[in-house]
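*Asks:*
Chains as they are written, first to last, in full-length UniProt numbering: chain A, 1 to 297; chain B, 1 to 551.
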């Protein structure tokens, strides 16, 4: 929908006949994939706005508890109803998006950088370094990611940073693996040999000649990874291993709402929906990125 | 990671399915029935036989079915059916015979002599006698048993003398008022000496008592079956019948998850479920298909404590200000949806030693809180939190138990209320080991705790350096005047004098804000209409001896 209306306004300067013609063309061009990519972008934009300036999207306070408005079903006043403290659920979700997004983005950045370094070094040098590093990731890989995150969160205690750390660590192995295989295919290229021949240092080769080739797989992985990381983070909160803040994150809200399912389904349903949409959106975008960055196409 | 086009479609289909399921849940909830009498109505003559399935709120790890060893509430609830006690505490707080036919106090009031029943056998066929009682009490105080509640329950225990086959004399070094109440609890339930010797370290997995039910099949982490003890003929006084229990089998399924426990009950997979969360309690009370029994748990009510070893909580004025800043009435109404009352004393209102003189002795008064803190030099900083000499008025609260009884929800409301007057409360969720370590070191400001215990001597544990927790009592209270009262009350055998002492003690605790009592807990049991006559022991655990199922 938004594509269509945007195109009309931007084409306002064109003569009417031409406009109509273009509009027809555009309409035909709007395919299912474009629609869901746009929808994903719109949803993420909405989350970005709510994470940065939540007060634009609601006039309620996320911490105002109201004993006279407990467990109210969705209404015009409270779009998504109220929770078990009488807080406006929409407001709590909007304010809670900051923590979820922050967790996803930061943990993906940490995991991505660590995975990149590991993969780069292992793939470039090969031999004993490769063997050692890859066996290390093998060990990490034998433990399922979520379980690893749970173990770390339990062992070092659930502060926000620890949760991020736990999730980052659990995502390192897969990233390191992919980067390593990319690096291996790159390091045998002619231009790398040429660089070696003129005496360029290892560091220079890695940074100048190999790293650029790793960006596109890394970008795809991190985009999809944001969704998975947020899911892992909400999962930890759900299990009671997250950080309980004044403004609950989505996972904690979902977990709290679960016990109210039979009397107030909306407390669990909407955080669940927000999380699902977020993960789907990031996955769709990641997939689209992969298609676009694929050199074979 | 890669999703094909087809998987998108399936994702969307799954989403739609989830929405439909959710919509379904919404509908079913609103249709719960009309008002009904929730008390067990006259149901006619009991019929023997049948299996009762109990969805237990909690998980009994099967290594803790040792009466003397565990204080873990879910285990205690299960063990009540396996182990009998020497005496029974009746609802009016008098004591009746059970495994002991009669008892008497010595002239110096330091020894109890019990005449035992002569027809009692353990589940393993060995006889119950004076030697068995001696074995049990000696075992409870033996450090090797690692008993906590059982050992405390015996207080100044010295020894047990076997007078003859069915007479024992239990000796204490001083008069010990809580003894009969304590000996009536499962913590001092009678275990089989032969079984303890036979199983040794594995006895907790192979519990043998004299109770109306004995251990059947155990599926670790999932369920536990108790089967009827056919020889049983020594029911406590106050029971509605004699002989074996009516139920052939009691299947206990561990369903720790609130919502699941409810649906297991409502779908008929279980006949009984306990600890019903407030939001469902309201619906169940109104549902004609179920009986709801609510019994006040005799205990030290869940209370907030200040760590008085730390500044500024050693100042009574600060403690008073914090208490005045908390609107407990509104917080409890919000969190428990009107199903729980506000507590005014550390003791449960149904306790024989409760005093109503502490009721309404303080109130929610944010102006008083603000004024007091202003006068003490705590000024609001830029973020709204008060500061004095560069130190923020901030409290750390350690938690390892999660949202049990909605305590974290209560704390969330309290946090907001405290913020209004410029006090910050920070909840730290930590692993249980870290919490007890930090608690021992005194690295906390504010704490919450409850302790189920029928006898008021629990106050000695919570507020005295002479109690079992010693200088590590949770409020770090060290007040000689209070300790003196607590020692007196612990030794006072005259009930009315003891009541007078505990009245003073409760008033003293509230006056000095050594704790802030929060809510009164009702232990709730919901059962299907065909189940009758579930009764409760002291402090409030369910007894299935008289229970029967209408065929």
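Glycine included, every Cβ here is placed at the ideal spot set by N, Cα and C.
With a 10 Å radius around its C-beta and 16 neighbouring C-beta atoms as the bar for buried, classify residue 193 of chain B as buried or exposed.
*Replies:* Counting from one through the second chain, the residue named residue 193 of chain B turns up at place 193. It is buried - the Cβ of residue 193 of chain B has at least 16 other Cβ atoms within 10 Å.
*Asks:* Using a Cβ distance threshold of 8 Å, determine whether the segment 209-224 of chain A contacts the segment 90-100 of chain A, with at least three qualifying pairs required.
*Replies:* Verdict: no, contact absent.
*Asks:* Below 8 Å, can you find three or more Cβ-Cβ pairs linking the segment 327-347 of chain B to the segment 478-490 of chain B?
*Replies:* At 8 Å Cβ cutoff, the stretches do not touch.
*Asks:* What's the gap between the Cα of residue 295 of chain A and the Cα of residue 181 of chain A?
*Replies:* Taking the first chain and counting its residues from 1, one reaches residue 295 of chain A at position 295. Taking the first chain and counting its residues from 1, one reaches residue 181 of chain A at position 181. Rounded to the nearest angstrom, the two C-alpha atoms are 16 Å apart.
*Asks:* Could you tell me whether the Cβ of residue 363 of chain B comes closer than 9 Å to any Cβ of chain A?
*Replies:* Numbered from 1 along the second chain, position 363 holds the residue referred to as residue 363 of chain B. No, residue 363 of chain B lies away from the interface with chain A (no Cβ there is under 9 Å from its Cβ).
*Asks:* Just tell me which of B/411, B/479, B/316 and B/178 has its CA closest to the CA of residue 95 of chain B.
*Replies:* Taking the second chain and counting its residues from 1, the one referred to as residue 95 of chain B is at position 95. The shortest C-alpha separation from residue 95 of chain B is found at B/178.
*Asks:* Apart from the five residues just before and just after residue 474 of chain B, which ones in its own chain have a Cβ nearer than 6 Å to its Cβ?
*Replies:* Along the second chain, one-based indexing puts residue 474 of chain B at 474. The residues are 305, 447 and 449.
*Asks:* If we count the other Cβ atoms within 10 Å of its Cβ and call it buried at 16 or more, is residue 549 of chain B buried or exposed?
*Replies:* As a working note, residue 549 of chain B is residue 549 in the second chain. Buried, by the Cβ-count rule.
*Asks:* Within its chain, find whatever has a CB closer than 6 Å to the CB of residue 107 of chain A; leave out the 5 residues flanking it on each side and keep chain order.
*Replies:* Numbered from its first residue, the first chain carries residue 107 of chain A at position 107. Correct list, in chain order: 164, 167, 168 and 229.
*Asks:* Are residue 160 of chain B and residue 134 of chain B closer than 9 Å when you measure CB to CB?
*Replies:* Taking the first residue of the second chain as 1, we reach residue 160 of chain B at position 160. Taking the first residue of the second chain as 1, we reach residue 134 of chain B at position 134. In contact: residue 160 of chain B and residue 134 of chain B (Cβ atoms closer than 9 Å).
*Asks:* Would residue 32 of chain A be called buried (16 or more neighbouring beta carbons within 10 Å of its own) or exposed?
*Replies:* As a working note, residue 32 of chain A is residue 32 in the first chain. Its Cβ having fewer than 16 others within 10 Å, residue 32 of chain A is exposed.
*Asks:* Name, please, each residue of chain A whose Cβ falls closer than 9 Å to the Cβ of residue 320 of chain B.
*Replies:* Position 320 of the second chain, counted from the first residue, corresponds to residue 320 of chain B. Residues of chain A passing the Cβ test: none, with the nearest at roughly 24 Å.
*Asks:* Closest to residue 240 of chain B by C-alpha separation, out of B/444, B/532, B/350 and B/425, would be which residue?
*Replies:* Reading the second chain from its first residue, position 240 is the one you call residue 240 of chain B. The shortest C-alpha separation from residue 240 of chain B is found at B/532.
*Asks:* Could you tell me which chain B residues have their CB closer than 7 Å to the CB of residue 260 of chain A, listed as they occur along the chain?
*Replies:* As a first step, residue 260 of chain A must be located in the first chain, where it is residue number 260. Near residue 260 of chain A (Cβ distances below 7 Å), the residues of chain B are 279.
*Asks:* Looking only at its own chain, which residues have a Cβ that is under 7 Å from the Cβ of residue 290 of chain A, when we skip the five neighbours before and after it?
*Replies:* For the purposes of this step, residue 290 of chain A is identified with residue 290 of the first chain, where counting begins at 1. Counting only Cβ-Cβ distances below 7 Å, and skipping sequence neighbours, we find 220.
*Asks:* Within the continuous alpha helix (DSSP H) that includes residue 266 of chain B, where are the two ends?
*Replies:* Within the second chain, the letter at position 266 stands for residue 266 of chain B. Counting along the chain, the alpha helix (DSSP H) containing residue 266 of chain B begins and ends at 258-266.
*Asks:* Between the beta-carbon of residue 440 of chain B and the beta-carbon of residue 502 of chain B, is there less than 9 Å?
*Replies:* Position 440 of the second chain, counting from 1, holds the residue named residue 440 of chain B. Position 502 of the second chain, counting from 1, holds the residue named residue 502 of chain B. In this structure, residue 502 of chain B does not lie closer than 9 Å to residue 440 of chain B by Cβ.
*Asks:* Output yes or no for whether 9 Å exceeds the beta carbon distance between residue 233 of chain A and residue 73 of chain A.
*Replies:* By one-based count along the first chain, residue 233 of chain A stands at place 233. By one-based count along the first chain, residue 73 of chain A stands at place 73. It is not a contact, given that the beta carbons lie outside the stated cut-off.
*Asks:* Measuring CA to CA, which of B/396, B/478 and B/411 is closest to residue 438 of chain B?
*Replies:* Residue numbering aside, residue 438 of chain B sits at position 438 when the second chain is read from its first letter. That would be B/396, whose Cα lies nearest to the Cα of residue 438 of chain B.
*Asks:* Using a cut-off of 9 Å between C-beta atoms, extract the partners of residue 382 of chain B located in chain A.
*Replies:* Here residue 382 of chain B corresponds to residue number 382 of the second chain, with the count starting at 1. The contacting residues do not exist; residue 382 of chain B stays about 18 Å from chain A at best.
*Asks:* Taking only beta-carbon positions, decide if residue 391 of chain B is within less than 9 Å of chain A.
*Replies:* For the purposes of this step, residue 391 of chain B is identified with residue 391 of the second chain, where counting begins at 1. So no, residue 391 of chain B is outside the interface.
*Asks:* List the endpoints of the continuous alpha helix (DSSP H) containing residue 358 of chain B.
*Replies:* Locating residue 358 of chain B in the second chain gives position 358, counting from the first residue. Note, residue 358 of chain B: premise wrong, no alpha helix (DSSP H); not H, not E.
*Asks:* Go ahead and pull the three-state DSSP assignment for residue 77 of chain A.
*Replies:* Counting from 1 along the first chain, the entry for residue 77 of chain A is found at position 77. Three-state result, residue 77 of chain A: coil.
*Asks:* Per DSSP, residue 167 of chain B is paired with what?
*Replies:* By 1-based counting over the second chain, the position of residue 167 of chain B is 167. For residue 167 of chain B, which the question treats as bridged, DSSP gives the partners B/115 and B/164.
*Asks:* Which two residues bound the contiguous beta strand (DSSP E) that contains residue 90 of chain B?
*Replies:* Within the second chain, the letter at position 90 stands for residue 90 of chain B. Per DSSP, residue 90 of chain B belongs to no beta strand (DSSP E) and is neither H nor E.
*Asks:* Who are the neighbours of residue 31 of chain A on chain B, taking C-beta pairs under 8 Å?
*Replies:* Here residue 31 of chain A is taken as the residue at index 31 of the first chain, counted from 1. Those do not exist, as residue 31 of chain A stays about 11 Å from chain B at its closest Cβ, beyond 8 Å.
*Asks:* Closest by CA to residue 70 of chain A, which one among A/77, A/200, A/87 and A/60?
*Replies:* By 1-based counting over the first chain, the position of residue 70 of chain A is 70. It is A/87 whose Cα lies nearest to the Cα of residue 70 of chain A.
*Asks:* Which residues mark the beginning and the end of the alpha helix (DSSP H) in which residue 137 of chain B is found?
*Replies:* Position 137 of the second chain, counting from 1, holds the residue named residue 137 of chain B. Residue 137 of chain B -> alpha helix (DSSP H) spans 130-141.
*Asks:* Examine the Cβ distances between the segment 295-305 of chain B and the segment 354-362 of chain B and report whether three or more of them are shorter than 8 Å.
*Replies:* Touching, no.
*Asks:* Excluding the 5 residues preceding and the 5 following residue 561 of chain B in the sequence, name in chain order all residues of the same chain whose CB lies nearer than 7 Å to its CB.
*Replies:* The question about residue 561 of chain B has no answer here: the residues shown for chain B are numbered 1 through 551.
*Asks:* How long is the line joining the alpha carbons of residue 509 of chain B and residue 525 of chain B, rounded to whole angstroms?
*Replies:* Taking the second chain and counting its residues from 1, one reaches residue 509 of chain B at position 509. Taking the second chain and counting its residues from 1, one reaches residue 525 of chain B at position 525. Taking the straight line from one Cα to the other gives about 32 Å.
*Asks:* Assign residue 221 of chain A to one of three DSSP states: helix, strand, or coil.
*Replies:* By 1-based counting over the first chain, the position of residue 221 of chain A is 221. Three-state result, residue 221 of chain A: helix.
*Asks:* Are the segment 102-122 of chain B and the segment 157-171 of chain B touching by the rule of at least three beta carbon pairs closer than 8 Å?
*Replies:* The answer is yes - the segment 157-171 of chain B touches the segment 102-122 of chain B, with three or more Cβ pairs under 8 Å.
*Asks:* I'd like to know whether the C-beta atoms of residue 296 of chain B and residue 345 of chain B end up nearer to each other than 9 Å.
*Replies:* Here residue 296 of chain B corresponds to residue number 296 of the second chain, with the count starting at 1. Here residue 345 of chain B corresponds to residue number 345 of the second chain, with the count starting at 1. Contact: no.
*Asks:* Quick check on DSSP: helix, strand or coil for residue 76 of chain B?
*Replies:* Walking along the second chain from the start, residue 76 of chain B turns up at place 76. Three-state result, residue 76 of chain B: helix.
*Asks:* What residue does the beta strand (DSSP E) around residue 100 of chain B start on, and which one ends it?
*Replies:* Sequence index remark: in the second chain, residue 100 of chain B carries index 100 (1-based). Residue 100 of chain B -> beta strand (DSSP E) spans 100-105.
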